[in-house]
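Residue numbers in the sequence shown follow numbering that gives the first Met the number 0, run continuously in steps of one, and reach 371 at the last position.
Below you'll find the structure, written out as structure tokens, and then a few comments.
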Amino acid sequence: MSDYYQVLGVPKEASPEDIKKAYRKLARQYHPDVNSGHDAEEKFKEVGQAYEVLSNPEKRRAFDSGVDPNASGGGYGPGFGFSDIFETFFGAAAGGQRGPMPRQRRGSDALIRLEIELAEAVFGSTRELQVDTAVTCPACNGSCCRPGSQPRVCEQCGGRGQVQRIARSFLGQVMTTQPCVACHGFGTVIPDPCLECSGEGRVRTRRTLTIKVPAGVETGTRIQLGGHGEAGPAGGPNGDLYVEIVEKQHATYSRRGNDLHCTVELPMTAAALGTVLELETLDGPTAIDIRPGTNSGETITLRSLGVNPLRGTTRGDLIAHFAVQTPTKLDDEQEELLRKLAVLRGEEHPAGRLAPAHQGVFSKLREKLAGW
């Protein structure tokens with residue numbers, strides 16, 4: 000029995016990916032189409048046999064334990080146990096599939112994350128994504144075979160995908176059925192695998208997808224794209240692709256459900272006298288009326304300027320929170336005017352009357368902020 004690790008030039012602890020890379024390199028080197036040497040064909044077959052064993056976990060374990068994984072036989076062996084007896088009475092794998100397994104299998108689902116701006120979450124958008132994924136091999140079209148060749152019926156199991164053996168147990172002699180180690184239970188072997196995909200029927204590539212982001216999505220929302228996941232082995236159907244939304248933090252607006260919140264800073268004079276301000280919303284500039292005597296912590300609600308709902312028809316609101324700014328640097332003229340105002344209002348020497356905590360300005364502000 001050959002040393003398959005030495006044939007592929009990899010250490011015994013090599014990973015499956017290292018084994019695959021080594022095989023692809025040697026298969027290209029010794030393939031009869033590119034190498035006319037007298038021993039190239041024999042080397043090519045030897046490399047293929049080594050890869051067939053080391054790429055299969057069951058065969059590799061058997062090889063590492065000193066057992067020829069391609070040999071069949073009967074009798075009492077170290078691998079016999081209660082599961083073999085169970086399969087004897089109730090069928091292979093407890094009533095699982097009998098006969099050869101199909102090479103074609105559904106591909107895995109895939110998950111990617113997509114960062115979007117707040118405006119995209121409010122109104123929806125269309126985005127293009129670059130996705131690294133497995134697709135059906137273009138060289139063999141998923142057949143796993145080099146063009147011009149085809150799978151061959153397994154000689155060990157005769158195409159059944161299973162082998163039977165007689166083993167001894169405390170119940171006496173029993174007949175067990177197990178997947179064929181030569182063909183991995185497929186019933187066929189691929190003597191001349193495709194060089195592009197190493198006999199898997201699929202390769203990895205980068206492709207561009209166009210996705211529609213619906214209005215109302217938020218961080219954690221997942222969009223399912225059916226049939227856009229990994230291609231299955233041997234030309235099997237694709238899995239699904241899930242796009243998980245991550246909403247970027249906005250410089251001005253914060254979101255709570257379908258409502259948007261912002262803070263509008265008001266000069267002391269504007270808060271006292273009232274004014275009209277132009278607020279730049281996600282829908283465009285909107286005029287808001289500031290009533291005279293507006294205090295910090297008060298709010299104004301702009302209806303239907305929030306987030307379009309993911310489900311439903313009622314759009315959220317935009318809630319502006321006011322913060323009155325007290326001037327800290329005054330020139331002489333401004334200070335004189337404020338002093339005159341204080342005299343006119345009788346506030347030169349305010350008594351500093353205390354109000355109940357729940358009615359204080361800062362308490363109101365805290366309550367408003369807590370409700371964001």
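Just so it is clear, CB atoms sit at the ideal spot from N, CA and C, and this is done for glycine as well.
Range of the contiguous alpha helix (DSSP H) that encloses residue i
i, result
"A39", "A39 to L53"
"R23", "P15 to Y29"
"D63", "P56 to D63"
"Y241", "Element bounds for Y241: not the alpha helix (DSSP H) but the beta strand (DSSP E), L240 to E246."
"G223", "Checking the sequence, you will find Gln at residue 223 rather than Gly. Q223 -> not in any alpha helix (DSSP H); beta strand (DSSP E) instead, spanning R221 to L224."
Spatial neighbours of residue i in its chain, beta-carbon cut-off 6 Å, leaving aside the 5 residues before and after
i, result
"N237", "G106, G226, G228 and A230"
"Y50", "Y22"
"A91", "Low local confidence applies: a pLDDT of 45 at A91 is under 50, so the model's placement there is unreliable, and no value is given."
"D316", "D258, T300, R302 and G305"
"C182", "C153 and V188"
"P150", "T187 and I189"
"T125", "K211"
"S148", "D191"
"R381", "Beyond the ends of the chain as shown, which are 0 and 371, falls residue 381; an answer cannot be given."
Endpoints, the beta strand (DSSP E) within which residue i is located
i, result
"F321", "L317 to Q324"
"K339", "Here K339 belongs to no beta strand (DSSP E); instead the alpha helix (DSSP H) covers D331 to L343."
"D191", "No beta strand (DSSP E) contains D191, which DSSP labels as neither H nor E."
"E119", "No beta strand (DSSP E) holds E119; the alpha helix (DSSP H) holding it covers L117 to F122."
"V212", "R201 to V212"
"V263", "D258 to P266"
"R314", "Taken as a continuous stretch (DSSP letters only), R314 belongs to no beta strand (DSSP E), as it is neither H nor E."
Alpha-carbon spacing of residue i relative to residue j, whole angstroms
i, j, result
"C193", "A233", "11 Å"
"V121", "V216", "8 Å"
"A250", "V263", "13 Å"
"R112", "M174", "51 Å"
"K339", "S295", "24 Å"
"R302", "E246", "23 Å"
"P10", "E195", "24 Å"
"P190", "I222", "42 Å"
"L278", "G256", "21 Å"
"E57", "V180", "8 Å"
"F361", "I287", "Unreliable placement is indicated for F361, whose pLDDT of 46 sits below 50; the coordinate value is still reported in the next sentence. Near 24 Å, if we compare the C-alpha coordinates of I287 and F361."
"E297", "Y241", "42 Å"
"A63", "G235", "The sequence shown places Asp at residue 63, rather than the Ala named in the question. Spanning the two alpha carbons is a distance of roughly 32 Å."
"T285", "R254", "19 Å"
"T209", "E116", "17 Å"
"P146", "L224", "32 Å"
"R59", "C143", "21 Å"
Cβ neighbours of residue i in the same chain (closer than 7 Å, five flanking residues each side left out)
i, result
"K42", "Y29"
"A118", "L281"
"P291", "A271, L272 and G273"
"N55", "H183"
"V162", "S71, Q155, C156, Q177 and C179"
"D17", "V9"
"P6", "Rather than Pro, the amino acid found at residue 6 in this sequence is Val. For V6, where only same-chain residues beyond five positions count, the Cβ hits under 7 Å are E45, V46 and A49."
Test item: CB-CB of residue i and residue j under 8 Å
i, j, result
"V202", "A109", "no"
"G186", "P99", "yes"
"G160", "G184", "yes"
"I244", "A269", "no"
"L444", "L329", "In the structure displayed, the chain extends from 0 to 371; residue 444 sits before or after that span and is not available."
Residues of its chain near residue i, where Cβ-Cβ distance is below 8 Å and the 5 sequence neighbours each way are ignored
i, result
"T207", "E127, L128, Q129 and V130"
"D239", "D108, A109, Q223, L224, G225, G226, H227 and G228"
Contact test: residue i Cβ vs the ligand GTP heavy atom, cutoff 7 Å
i, result
"A270", "Of ligands this structure carries none, so the ligand GTP is not represented either."
If we require 4 or more residues per run, which alpha helix (DSSP H) segments fall completely within the stretch 270-308? none
In chain order, which continuous runs of the alpha helix (DSSP H) of length 4 or greater are located wholly inside the stretch 111-165? 117-122
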